Structure formats: structure tokens, C-alpha cells
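**Student:** One structure coming up, written as C-alpha cells, with questions to follow.
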Ligand SMILES: [Zn+2]
């Protein structure tokens with residue numbers, strides 16, 4: 012399986028309570044900015060820095076994936092075994 016990771020698109024940064032929010036489409040965890048002054052662009056840069064990615068393969072296309080899930084995708088055997096249980 013070939014895996015392609017690219018930076019998350021700014022269109023996938025949500026804003027809730029005037030604070031930007033990024034949401035993992037894989038494990039459904041999210042990171043919400045603590046400061047109301049943060050812009051979606053700043054939040055996207057911070058998320059990219061810590062490892063949030065757009066992950067694509069022949070079988071799926073996830074627009075937003077958190078660093079933990081990105082790491083799991085790079086260990087496909089372990090990930091699939093976990094899914095099968
Ligand atoms: Zn995740």
C-alpha cells in the first residue's frame with residue numbers, strides 16, 4: 012500500500028467559539044486552540060508542525076489525520092491487526 016501524506020488544507024480548520032479547531036477524521040480526537048486570538052492559519056501551521064497530515068492511499072483519503080494516527084498508518088500491519096479485533 013502506498014501512502015501519501017501532504018499538509019492539511021486550511022479549508023479543514025473549523026472555528027468554534029471564535030477559536031480554531033482541528034479534528035481527526037480517523038480517531039475523532041481534536042485539538043482546540045486555547046487563545047481566542049489564534050487564526051485558522053496560525054492553527055494550521057501549529058498543527059502541521061506537530062504532525063497533522065492529509066493522508067491518502069489507493070483505499071482511502073482522509074483530509075485530516077492527527078499525529079498518532081499518522082504514525083499508526085506507517086505501521087500498517089499493527090494497525091490492521093488492531094482493526095480486526
Ligand atoms: Zn487520530
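Residue numbers (the working numbering): 12 to 96. No residue lacks a Cβ here, since even glycine has one placed at the ideal position from N, Cα and C. Just so we're clear, the structure is a prediction, and the values are computed from it rather than from any experiment.
Is it true that the stretch 68-86 meets the stretch 45-56, where meeting means three or more beta-carbon pairs spaced less than 8 angstroms apart?
**Tutor:** In short, these stretches do not touch, since the Cβ pair count stays below three.
**Student:** Any heavy atom of ligand 1 closer than 6 angstroms to the CB of residue 40?
**Tutor:** By one-based count along the chain shown, residue 40 stands at place 29. True, at least one ligand heavy atom lies under 6 angstroms from that Cβ.
**Student:** Is the CB-CB distance between residue 17 and residue 85 below 7 angstroms?
**Tutor:** Indexing the chain shown from 1 puts residue 17 at position 6. Indexing the chain shown from 1 puts residue 85 at position 74. No, the Cβ-Cβ distance between residue 17 and residue 85 is not below 7 angstroms.
**Student:** With respect to the alpha helix (DSSP H) encompassing residue 73, which residues constitute its N-terminal and C-terminal limits?
**Tutor:** Indexing the chain shown from 1 puts residue 73 at position 62. Here residue 73 belongs to no alpha helix (DSSP H); instead the beta strand (DSSP E) covers 72-76.
**Student:** Hey, is residue 35 close to ligand 1, as in C-beta under 6 angstroms from one of its heavy atoms?
**Tutor:** The residue you call residue 35 lines up with position 24 of the chain shown. Checking every heavy atom of ligand 1 against the Cβ of residue 35, one is found closer than 6 angstroms.
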